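Below is one structure, written out as structure tokens; the observations come after it.
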Amino acid sequence: MCSTFAPLLIEAKGTIVQTGSLAGIMPYVWGAPYNAVKAALHAYSDTLRVELAPLGVRVITVVTGGVKSNIARQDRTLPPGSYMQPLAAEYQRRLKHSQELGMDTKQYARSCVKQVLAGDGLFRKTRWIWEGKMSWIVWFAWTYLPTAVLDFYFTTTFNLNKLRGTAGPNKKTN
Numbered sequence: 482m483c484s485t486f487a488p489l490l491i492e493a494k495g496t497i498v499q500t501g502s503l504a505g506i507m508p509y510v511w512g513a514p515y516n517a518v519k520a521a522l523h524a525y526s527d528t529l530r531v532e533l534a535p536l537g538v539r540v541i542t543v544v545t546g547g548v549k550s551n552i553a554r555q556d557r558t559l560p561p562g563s564y565m566q567p568l569a570a571e572y573q574r575r576l577k578h579s580q581e582l583g584m585d586t587k588q589y590a591r592s593c594v595k596q597v598l599a600g601d602g603l604f605r606k607t608r609w610i611w612e613g614k615m616s617w618i619v620w621f622a623w624t625y626l627p628t629a630v631l632d633f634y635f636t637t638t639f640n641l642n643k644l645r646g647t648a649g650p651n652k653k654t655n
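Take 482 as the starting number for the sequence shown in our numbering and just add one per residue.
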């Protein structure tokens, strides 16, 4: 799509804005496929930004935190026989996590548009916009703390330690 619109974007010195996610930079459990897609989008956007900058096109990734949307509108369950079955309740809680704590969608949109339209300054070049619930906390952790901090946070938040000894050679038997 970008190659199709590239001539128009270059002529207008336009801006491409991609919707990324905190899930693309942190181990948001039970979301590996979604996380991987968002991580790929971040890399794609970063590359487009570098490639199109000499042509006057800006590329911005909005690293989105929790926003009240319809992303969790469908009920899902763990597959039968999943190693995660002991955590079925945690899985359900995780599915609704961003919605319960999320930022209002209109507030999110207004903030993103304002930041995109602000443009770049002499000493400021907008590459990533961090917006949505928890986005600045994750930015800080991702930027300044070892990755083990986020690993620990998600392990404890969703009680993953309860899985120890439930499968494999160390499986506890009654």
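Ideal Cβ positions, reconstructed from N, Cα and C, are used throughout, including at glycine. Note that this is a predicted model, so its numbers are computed, not measured.
- Between residue 608 and residue 541 a beta carbon distance of about 7 Å is seen, short of the 8 Å cut, so the two are scored as contacting.
- As summarised for the segment 506-537, the continuous alpha helix (DSSP H) elements at least 4 residues long and confined to that stretch are 513-533, given in chain order.
- Taking the Cα positions, residue 589 is about 9 Å away from residue 545.
- Taking residue 585 as the centre and dropping the five residues before and after it, the same chain places the C-beta of 549 closer than 7 Å to its C-beta, in chain order.
- Under the three-state reduction of DSSP, residue 502 is assigned to strand.
- Between the alpha carbons of residue 490 and residue 619 lies a distance of about 32 Å.
- Nearest C-alpha to residue 643 among 568, 523, 497 and 539: 568.
- When DSSP assignments are scanned along the segment 610-645, the uninterrupted stretches of alpha helix (DSSP H) that are 4 or more residues long and fall wholly within it turn out to be 616-625 and 628-638.
- In the DSSP annotation of this structure, residue 647 is not part of any beta strand (DSSP E), being labelled neither H nor E.
- For residue 575, the three-state secondary structure derived from DSSP is helix.
- Contact check between the segment 562-577 and the segment 627-641: three or more CB pairs, one atom from each, fall below 8 Å, which counts as touching.
- With a threshold of 16 other beta carbon atoms within 10 Å, residue 534 falls short and is exposed.
- With a beta-carbon spacing of about 14 Å, residue 513 and residue 564 fall beyond the 8 Å limit used to define contacts.
- Note on geometry: alpha-carbon atoms of residue 621 and residue 501 lie some 17 Å from one another.
- In this chain, the alpha helix (DSSP H) harbouring residue 586 covers 586-598.
- Per DSSP, residue 543 is one residue of the beta strand (DSSP E) stretching across 539-545.
- Here residue 519 is buried. Its C-beta has 16 or more other C-beta atoms within 10 Å.
- The beta carbon of residue 630 sits closer than 7 Å to the beta carbons of 622 from its chain, once the five residues preceding and following it are set aside; these are given in chain order.
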